[in-house]
Each structure stands twice: as structure tokens, then as C-alpha cells.
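**Q** Starting off with a structure, shown below.
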Amino acid sequence: MSPSNIIELLIILVIVIGIGAAIWRGGARNPVGTGGLDKKLATVGSELAAIKTSIDGELSGVKAKVGQIEKRLDSFDEELASVADIKRLEKAIDKVAKVLPDIEARQRALSEKLGERAEASAAVAAKVDHIDRNLTLIMSVVVPKGMEK
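In this text, residue positions in the sequence shown follow this note's numbering: the first is 1, and each later residue adds one.
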């Protein structure tokens, strides 16, 4: 072997040993191998669990508040409906109140007409009674005279 071949082999051997040492040291520095990454992940996981617990608690509080707000809205809707009904009834009452004097005037006029009709009917009844008596009297005189002939 020539000295240049030996040098080449030594260089190759140094390179291979350097690569092996780098791999061995790199493996030792690997956080998974040392557990550093596992510790960090466990810490992050516990922090996430704590955050989730606090968020769940806050969400349950928010859900309760939303439920209360929905109940209030329902009661407001019911009150709004009753207010609308009251306004509708007030309008109807106002219409009746506006028409009521006219209805009262019409009823008085009809009562007066009815009174006049009653008086006229009584007068007609008296005339018919008078005519009936006169016809009865005439018949009592005419029929016997007509029978004499």
C-alpha cells in the first residue's frame, strides 16, 4: 500500500468516526430520547386541560345566562302581545265610543217613530171599532127591513 492510500483510508476513517460521533451525540440531544419533549408536551397538555376546564365552566355560566335572557325575551314577547291586544281593544272601544252617540240618536228617533206608530195604530183601532159599531147598527136596521119586503 502506498502512503497516499493509507492517508486516504485514514481520512475516510476519521470522516466515518466523525459521522458516527455526530449521530451518537445527536441522538443523545434528541428531546424525545431525553424526555424533555415529553415533559414539555405533558405541561402543554395539562395547561390545555386546565384551559378547557375553565372554558367549560365559563361556557356553562354563559349558557345559564343565555337561558335567562331567552326566558326574558319570551316574557317580553308575551307582554308585547298583550300590549298589542290592549291597543287593538282600545281602538275598538274608541270606534264604538265614536259611533255610540249616533246609535243613541237613531234609537231615540226609532222610539219616537214607534210611539207615533202606536198612536196611529190606536187611532186606526178606534176608527175600526167605531165603524164596526156603525155597521152592526146599520145591519140591525137594514136586515130586518129587507126581510119585511
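Quick reminder that beta carbons are idealized off the backbone N, C-alpha and C, glycines included. Every value quoted in this text rests on a predicted model; they were computed, and no experiment measured them.
1. Can we count V44 as close to the ligand GDP, meaning its CB is less than 7 Å from some heavy atom?
2. Would you kindly work out how many angstroms separate the C-alpha atoms of I93 and R117, rounded to a whole number?
3. Consult DSSP for S2 and reduce its assignment to one of helix, strand or coil.
4. Pull up the distance between the alpha-carbon of K65 and that of T43, whole angstroms please.
**A** Well, looking at it:
1. Annotation note on the ligand GDP: not contained in the displayed structure, which lists no ligands.
2. Along the sequence shown, one-based indexing puts residue 93 at 93. Along the sequence shown, one-based indexing puts residue 117 at 117. Near 34 Å, if we compare the C-alpha coordinates of R117 and I93.
3. Position 2 of the sequence shown, counted from the start, is the residue given in the question as residue 2. The answer is coil: DSSP assigns S2 none of H, G, I, E or B.
4. The residue labelled residue 65 in the question sits at position 65 within the sequence shown. The residue labelled residue 43 in the question sits at position 43 within the sequence shown. Going by the C-alpha atoms only, they are around 33 Å apart.
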